[in-house]
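Chemist: Residue numbers (the working numbering): 3 to 327.
For each residue, glycine too, the CB sits at the ideal point set by N, CA and C.
Here's a structure for you.
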Amino acid sequence: MVSEKIPSAAPSRLATLCIPLRLATGWGPYPKKLSLLAALMLILLRLSIGWQFYSEGTDKIQNGFDSSRFLSAARGPFAEHFHAVVWDRDGGLRLDDEATERRWQWYRNTAGSHFGFDDAQQKQADQVLKRTLNQYQFVLDNNVDELAEIDFGRQRLADLAARPERNDVTSLVGQKETIEREWRQKLDPILNEVDNAWGNLERDMNAVASDDQLRRHGHLELPPLRNQRIDTTVMDKFVPWFDCTIGVLLILGLFTPVAALAAAGFLFSVFLSQFPPATGPTSTYYQLIESMACLVIASTGAGRFAGLDSIIHAAFNRGGSHEQG
Numbered sequence: 003m004v005s006e007k008i009p010s011a012a013p014s015r016l017a018t019l020c021i022p023l024r025l026a027t028g029w030g031p032y033p034k035k036l037s038l039l040a041a042l043m044l045i046l047l048r049l050s051i052g053w054q055f056y057s058e059g060t061d062k063i064q065n066g067f068d069s070s071r072f073l074s075a076a077r078g079p080f081a082e083h084f085h086a087v088v089w090d091r092d093g094g095l096r097l098d099d100e101a102t103e104r105r106w107q108w109y110r111n112t113a114g115s116h117f118g119f120d121d122a123q124q125k126q127a128d129q130v131l132k133r134t135l136n137q138y139q140f141v142l143d144n145n146v147d148e149l150a151e152i153d154f155g156r157q158r159l160a161d162l163a164a165r166p167e168r169n170d171v172t173s174l175v176g177q178k179e180t181i182e183r184e185w186r187q188k189l190d191p192i193l194n195e196v197d198n199a200w201g202n203l204e205r206d207m208n209a210v211a212s213d214d215q216l217r218r219h220g221h222l223e224l225p226p227l228r229n230q231r232i233d234t235t236v237m238d239k240f241v242p243w244f245d246c247t248i249g250v251l252l253i254l255g256l257f258t259p260v261a262a263l264a265a266a267g268f269l270f271s272v273f274l275s276q277f278p279p280a281t282g283p284t285s286t287y288y289q290l291i292e293s294m295a296c297l298v299i300a301s302t303g304a305g306r307f308a309g310l311d312s313i314i315h316a317a318f319n320r321g322g323s324h325e326q327g
């Protein structure tokens with residue numbers, strides 16, 4: 003009597019487990035009818051975009067990165083979305099004297115416990131806080147009329163935003179742009195002075211600590227006031243490392259479709275922030291073109307050509323295509 007052979011379920015389970023890696027390295031076989039020259043061009047395209055992302059990321063990490071000015075200048079149908087993620091774009095947080103004093107008092111107390119200030123240093127810290135609060139109050143008192151005009155301009159802009167049908171009228175669109183430009187011309191110098199006060203408090207409070215305290219406990223940052231979970235203060239810390247990570251993955255040819263799709267989405271969002279784009283060296287058409295190139299890299303699984311994806315793809319596709327006996 004011949005017993006029926008029952009196929010093992012292990013290969014099918016292995017194939018299921020391999021699906022994420024197969025997707026991450028390029029699903030299916032290598033592209034057909036792709037010449038050696040075409041494969042070489044894909045490799046060069048992947049390496050050049052990867053290096054561009056990596057170099058941009060390292061530069062942002064070393065020199066700092068601030069996206070607020072760029073996003074504040076966003077225009078087009080998606081402008082409000084980009085404006086919404088700009089930290090304290092209207093200055094409401096930084097011009098709130100009560101919230102500012104509470105945050106600074108908290109920072110002063112935190113510095114005392116962070117560094118372990120002695121009695122003399124506690125008095126110095128109190129003097130630093132008092133001096134900076136006086137500086138901040140001087141800025142507000144010295145710009146009373148300007149702040150009243152800023153509040154009025156903020157209300158006018160809010161009224162215009164609440165009536166989107168007015169955006170279809172060309173003359174009224176120009177009026178909104180004029181109001182916002184004049185409003186920012188009054189607001190930005192005051193916010194710069196306030197930012198200087200915040201910077202002075204952080205610098206002077208850390209200066210109260212001795213060299214040994216700084217070495218043992220590290221620099222204490224003064225966190226900004228915030229009213230939302232995700233804004234440019236968070237994005238500015240994330241984007242440089244995102245650029246570096248995408249760059250390294252593209253250069254190595256590792257998980258290339260995922261990295262290239264993420265890069266394409268990021269670049270396309272930059273393009274949308276300035277839509278319709280202007281011409282010239284500041285045009286975002288360059289980001290649009292590069293995002294399309296990233297889609298080519300993703301769709302062809304370009305990491306399988308002289309990249310680590312070739313090793314992963316070969317190993318897991320062989321495991322996933324295992325025939326049952």
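What are the complete alpha helix (DSSP H) segments, minimum 4 residues, inside the stretch 253-304?
Modeler: Listed in chain order, they are 258-275 and 287-302.
Chemist: Taking C-alpha atoms, which residue in GLY52, LEU42 and ILE45 lies nearest to PHE244?
Modeler: Nearest C-alpha to PHE244: GLY52.
Chemist: Do GLY93 and LEU193 have their CB atoms nearer than 8 angstroms?
Modeler: The answer is yes: Cβ separation under 8 angstroms.
Chemist: Give the C-beta separation of SER275 and PHE80 to the nearest angstrom, bearing in mind that I take them to be a contact with Cβ-Cβ under 8 angstroms.
Modeler: SER275 to PHE80, Cβ: 7 angstroms. Contact.
Chemist: What is the DSSP secondary structure of ARG91, counted as helix, strand or coil?
Modeler: In the structure shown, ARG91 sits in coil (DSSP, three-state: anything other than H, G, I, E or B).
Chemist: Hey, which unbroken runs of the alpha helix (DSSP H) at 4 residues or more fall wholly within the stretch 70-151?
Modeler: Fully enclosed alpha helix (DSSP H) runs of 4 or longer: 70-74, 81-86, 99-117 and 121-144.
Chemist: How long is the line joining the alpha carbons of GLN326 and GLY305, rounded to whole angstroms?
Modeler: Only weak support exists for where GLN326 lies, its pLDDT of 39 falling under 50; the value from the coordinates is given anyway. Roughly 30 angstroms between the two C-alpha positions.
Chemist: Which class does HIS315 belong to by DSSP, given the choice of helix, strand or coil?
Modeler: Correct three-state label for HIS315: helix.
Chemist: Ignore the nearest five residues each way along the sequence and tell me which others in ILE63's own chain have a CB closer than 6 angstroms to its CB.
Modeler: Only PRO242 meet the Cβ criterion.
Chemist: Which residue from ASP161, THR134 and PRO279 puts its Cα closest to that of ALA76?
Modeler: The option with the nearest alpha carbon to ALA76 is PRO279.
Chemist: I need the straight-line Cα distance from LEU310 to LEU297, nearest angstrom please.
Modeler: Straight-line Cα distance between these residues: approximately 19 angstroms.
Chemist: Please work out which residues of its chain come closer than 8 angstroms, Cβ to Cβ, to GLN124, disregarding the five sequence neighbours upstream and downstream, and give them in chain order.
Modeler: Around GLN124: GLY114.
Chemist: If you measure between the beta carbons of THR234 and TRP106, is that distance less than 8 angstroms?
Modeler: No, they are not a contact pair.
Chemist: Please classify ALA127 as buried or exposed, where buried requires at least 16 other C-beta atoms within 10 Å of its C-beta.
Modeler: Buried, because 16 or more other Cβ atoms sit within 10 Å of the Cβ of ALA127.
Chemist: Alpha carbon to alpha carbon, how far is LEU256 from GLU58? Give it in angstroms, no decimals.
Modeler: Roughly 19 angstroms between the two C-alpha positions.
Chemist: Round the Cβ separation of ILE248 and PHE67 to the nearest angstrom and send it over; I've been treating them as touching at under 8 angstroms.
Modeler: At roughly 15 angstroms, the Cβ-Cβ gap does not stay under 8 angstroms, so ILE248 and PHE67 are not in contact.
Chemist: Give me the residue from LEU47, ILE181, SER37 and ARG71 with the minimum Cα distance to ALA262.
Modeler: Checked all of LEU47, ILE181, SER37 and ARG71; the closest Cα to ALA262 is LEU47.
Chemist: Residues in the same chain with beta-carbon distance under 8 angstroms from LEU203, minus the five sequence neighbours each way, listed in chain order, please.
Modeler: These residues qualify, in order along the chain: TRP106, TYR109, VAL130, LEU131, THR134 and LEU224.
Chemist: Is LEU47 helix, strand or coil by DSSP?
Modeler: Residue state, collapsed to three classes: helix.
Chemist: I'd like the ranges of any alpha helix (DSSP H) spanning at least 4 consecutive residues and lying wholly in the stretch 180-243.
Modeler: As far as the stretch 180-243 is concerned, its whole alpha helix (DSSP H) runs of at least 4 residues are 213-219.
Chemist: Would you report the Cα separation of PHE117 and ILE314, rounded to the nearest angstrom?
Modeler: Using only the alpha carbons, I get a separation of about 49 angstroms.
Chemist: Can TYR138 and VAL87 be called in contact, C-beta distance under 8 angstroms?
Modeler: No.
Chemist: Could you tell me how far apart the beta carbons of ALA266 and SER293 are, in whole angstroms, since I believe they sit closer than 8 angstroms?
Modeler: That pair is a contact at about 4 angstroms.
Chemist: Tell me whether LEU38 sits in a helix, a strand or coil according to DSSP, three-state version.
Modeler: If DSSP states are grouped into helix, strand and coil, LEU38 belongs with the helices.
Chemist: To the nearest angstrom, how far is it from the Cα of LEU95 to the Cα of PHE277?
Modeler: Rounded to the nearest angstrom, the two C-alpha atoms are 29 angstroms apart.
Chemist: Kindly say whether GLY66, judged by its beta-carbon, lies nearer than 8 angstroms to any beta-carbon of chain D.
Modeler: Given the protein chain composition of this structure (a single chain), no chain D is represented.
Chemist: Taking just the CA atoms, how far does LEU159 sit from ASP61?
Modeler: Spanning the two alpha carbons is a distance of roughly 36 angstroms.
Chemist: Between the alpha carbons of ALA40 and LEU49, how many angstroms are there, rounded?
Modeler: Whole-angstrom Cα-Cα distance: 14 angstroms.
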